[in-house]
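Reading through the C-alpha cells given below for one structure.
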Amino acid sequence: MTPLAHSAPVPTEPAPDQSAVTIIPGSDAVKWQPAPVMFPHGTKMAILTGDTSKPGPFTLRVMMPSGSFIPPHTHNLDEMLTVISGDIQHFVGQDFSATQQRNMGLGGFVHLPVNVPHAIKAGSQGAVLQVSGMGPFSMTYVNPQDDPRNTGR
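Start counting the sequence shown at 57; every next residue gets the next number (the numbering used here).
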C-alpha cells in the first residue's frame, strides 16, 4: 500500500470563479479607447483587466503617439510598466534631467514605488506601454500647469 492510501481525506474546496478569468488572444482583440483627460491628447488606453477606479489588481495598456510626452507626475500606488512596442525615454525625478533618463525599448521594464515622480516621452514610432498595479489609480502632475485637466489638452 502506498503512503497516499493512508492520508486523511482532503476537504473539497469550491471551484474557482472562472467568470473572472480574462483572456485576450492577441493584440487585435485589445479594445482601444481615447485615454482619460488626465493623459495628453492623442493618447489611447485599453483596460485589460480590473477596474482602475476600485481597489484590486488592474492591467492596462497606454498607446502614446510619436514624440508625445507625459510630464513629471506621481501615482498613489506602485506602478509596474513594460514597453510592449516602440520605445520611450523614461525620466525619474521632478524634471526632464538627462542624468535620470533611461532609454527603454521592447520588453523594457520599470517598477516605480508609490509617489516617485517620473515622466515618459514616446520615441519616433510611438509606444505601447503595459501598466499594472493595485487600484484605485490616480495621477498627480508635479506642476499643475502640466495637467491636461487644467489646460483643456
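The beta carbon of each residue, even a glycine, is placed where N, CA and C say it ideally should be.
Let me know the secondary structure DSSP gives residue i once reduced to three states.
i, result
"Asn206", "helix"
"Ala175", "strand"
"Ser75", "helix"
"Gln201", "helix"
"Ser109", "coil"
"Asp151", "coil"
What does residue i pair with, by DSSP beta-bridge criteria?
i, result
"Thr196", "Thr130"
"Met119", "Lys100 and Val184"
"Phe114", "Gly189"
"Pro90", "Lys100"
"Phe125", "Lys177"
May I have the straight-line CA-CA distance separating residue i from residue j, to the nearest angstrom?
i, j, result
"Thr105", "Lys87", "12 Å"
"Thr130", "Phe147", "12 Å"
"Asp151", "Ile176", "11 Å"
"Ile144", "Glu69", "46 Å"
"Asp73", "Thr207", "44 Å"
"Glu135", "Val187", "7 Å"
"Arg158", "Met94", "24 Å"
"Phe125", "Pro96", "7 Å"
"His174", "Leu137", "12 Å"
"Tyr197", "Ser141", "25 Å"
"Leu133", "Leu185", "17 Å"
"Gly161", "Gly189", "21 Å"
"Pro169", "Asp84", "31 Å"
"Gln89", "Gly149", "29 Å"
"Val139", "Val77", "24 Å"
"Ala102", "Pro81", "14 Å"
"Thr108", "Pro192", "5 Å"
"Gly164", "Ser75", "32 Å"
Hey, could you find the ends of the beta strand (DSSP E) residue i is sitting in?
i, result
"Lys100", "Lys100 to Thr105"
"Ile140", "Glu135 to Val148"
"Phe165", "Phe165 to Leu168"
"Gln157", "Gln157 to Met160"
*Does the count of Cβ pairs from the segment 111–120 and the segment 199–206 closer than 8 Å reach three?*
no
*Pairing CB atoms from the segment 175–183 with CB atoms from the segment 106–117, are three or more of them under 8 Å?*
no
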